[in-house]
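Just so we're aligned, residue 944 is where the sequence shown starts under the working numbering, counting upward by one.
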Amino acid sequence: MSAVGSRCHHGGRHHRNGQKATDMAGTPVTVIGMGMMGRALASAFMNAGHPTTIWNRTPGRAQALVEAGASEAPTVDAAVAAAPLVIVCVRDYGAVRDLLTPAETALSGRVLVNLTSGASDEARAMATWAAERGAEYLDGAIMMTPPGIGAPETVILYGGPPAPYETYEQTLRALGGGTTLISTDVGLPSLYDVALLGIMWSTFNGFMHAAALMDTEKIAATDFLPMATDWLKGVASFLTAYAQQIDEGSFAAEDATLETQIPPVRHLIHESRIRGIDATMAEYTGKLLAEAVDRGHALDSYARIIDHFRA
Ligand SMILES: NC(=O)c1ccc[n+]([C@@H]2O[C@H](COP(=O)([O-])OP(=O)(O)OC[C@H]3O[C@@H](n4cnc5c(N)ncnc54)[C@H](OP(=O)(O)O)[C@@H]3O)[C@@H](O)[C@H]2O)c1
């Protein structure tokens, strides 16, 4: 993944409205949304020394943060007015718009960073909404759960104009060392987010299916785990060649042909059925292979299956 933004700190850039943004430990931040994730974000800013204002629809959900020095704003308008950098992280984009509407005037001249999960079209619409209110807008996707916020390996993907990102990059880095501006397009973090989550869920499902199979022989999931995780490393390495084939549009099998993978998939279906395990995922894989072979791609690599998803 290529980052459009430089990771280096550009020092005290002049912000659009003339104020000098000094992006350092003292930069005040506002965090709106005190759910599990919002509380983790505010806590990470506080740990990095940022004066932090918080607001939540239901007051009092972040008492521990207030006791640690956060300032709980009485209104969302006051919360937005309290800092040049406003982070919002709530359930969905509809909630973001609803809650920020009473603070429209205060938003002008601020940098709004939306870390709420959503889809690319929602992010683009939100950017237009923010621009109409005079705010600079970055959209972000958090690729981590709350306990990992602030860790050096935590990845948070941003999209939007480079200027506000560069202005506050060091401040945002308090949330995760893997802070990256991946695109000037505010829609792309959401796209990366769902694409990566899709990989996660299909991997989870593969493991659950396998663990259920092993369980029929009383092999504990924890005993099976080391073999499964080593296997995943091998599977990840296969993707290197497949990604190249997808980009080049040439699918000659260098490891195993589609044709040779049909019998093992049948075995997985059979083994699942005789053990009373749901075989739906394996049947779906079998369908993808059969379709590709029917289209004349028997001797191609697994990367050829991209055609199905593109269609
Ligand atoms: N938790 C994770 O592991 C994780 C990881 C990556 C991304 N995210 C994303 O982060 C966002 C927040 O997740 P979370 O885990 O913090 O969820 P959460 O614990 O369920 O908190 C939801 C937050 O949204 C607020 N909210 C919901 N509807 C609202 C509305 N109509 N108006 C104003 N505020 C509203 C809630 O306020 P009240 O307290 O008033 O109900 C609360 O602050 C989501 O988009 C989620 O997908 C979460």
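Cβ coordinates follow ideal geometry from the N, Cα and C atoms, glycine included.
No experiment lies behind these values; they were computed from the predicted model shown.
{"Query": "Spatial neighbours of Q1188 in its chain, beta-carbon cut-off 7 Å, leaving aside the 5 residues before and after", "Result": "F1194, S1244, A1246"}
{"Query": "Local Cβ density within 10 Å of A1093, reported as buried at 16 or more and exposed below that", "Result": "Position check: residue 1093 holds Gly in this sequence, whereas Ala was assumed. Answer is buried; the Cβ neighbour count reaches 16."}
{"Query": "T1172 (DSSP reduced to helix, strand or coil)", "Result": "helix"}
{"Query": "heavy atom of ligand 1 below 6 Å from N990 C-beta", "Result": "no"}
{"Query": "First through last residue of the beta strand (DSSP E) which encompasses E1079", "Result": "1079-1085"}
{"Query": "Three-pair Cβ contact test at 8 Å for the stretch 1102-1119 versus the stretch 1077-1091", "Result": "yes"}
{"Query": "Closest Cα partner of R1076 within the set P1089, P1206, L1043, E1096", "Result": "L1043"}
{"Query": "Inter-residue spacing [alpha-carbon to alpha-carbon] between M1143 and T1071", "Result": "31 Å"}
{"Query": "Under 7 Å between C-beta atoms of L1008 and C1032", "Result": "no"}
{"Query": "Contacts around G1120, its chain only, beta-carbon distance under 8 Å, and the 5 residues preceding and following it disregarded", "Result": "A1094, P1095, E1096, T1097"}
{"Query": "Bounding residues of the beta strand (DSSP E) (the contiguous stretch that carries Y1101)", "Result": "1098-1102"}
{"Query": "Between the CA atoms of W1174 and S1180 - distance to the nearest angstrom", "Result": "10 Å"}
{"Query": "Contained alpha helix (DSSP H) runs [length at least 4] in the stretch 985-1037, N- to C-terminal order", "Result": "1006-1010, 1019-1024"}
{"Query": "Option in E1047, V1129, I1220, M1170 with minimal Cα separation from D1158", "Result": "I1220"}
{"Query": "Option in I1030, T995, A1049, T1001 with minimal Cα separation from A1021", "Result": "A1049"}
{"Query": "Through-space distance from N1148 to T995, alpha-carbon basis", "Result": "40 Å"}
{"Query": "Sequence-distant residues of its chain with Cβ nearer than 7 Å to I1249 (five each side left out)", "Result": "I1189"}
{"Query": "For S1126 and A1066, believed in contact at Cβ under 8 Å, the rounded distance", "Result": "A1066 to S1126, Cβ: 11 Å. No contact."}
{"Query": "Contact check, T1114 vs T970, beta carbons under 7 Å", "Result": "yes"}
{"Query": "Delimiting residues of the alpha helix (DSSP H) encompassing L1140", "Result": "1131-1158"}
{"Query": "Ligand 1 heavy atom lying under 6 Å from the CB of V1029", "Result": "no"}
{"Query": "Enclosing alpha helix (DSSP H) for T1048 [first to last residue]", "Result": "1047-1050"}
{"Query": "Outcome for Y1108 when other beta-carbon atoms lying within 10 angstroms are tallied against a minimum of 16", "Result": "buried"}
{"Query": "Alpha-carbon to alpha-carbon, R1218 and L1156", "Result": "7 Å"}
{"Query": "Buried versus exposed, by CB contacts within 10 Å (16 or more), T1123", "Result": "buried"}
{"Query": "For V1054 and P1027, believed in contact at Cβ under 8 Å, the rounded distance", "Result": "6 Å"}
{"Query": "Exposure label - S986; buried when at least 16 CB within 10 Å", "Result": "buried"}
{"Query": "Ligand 1 heavy atom lying under 6 Å from the CB of G978", "Result": "yes"}
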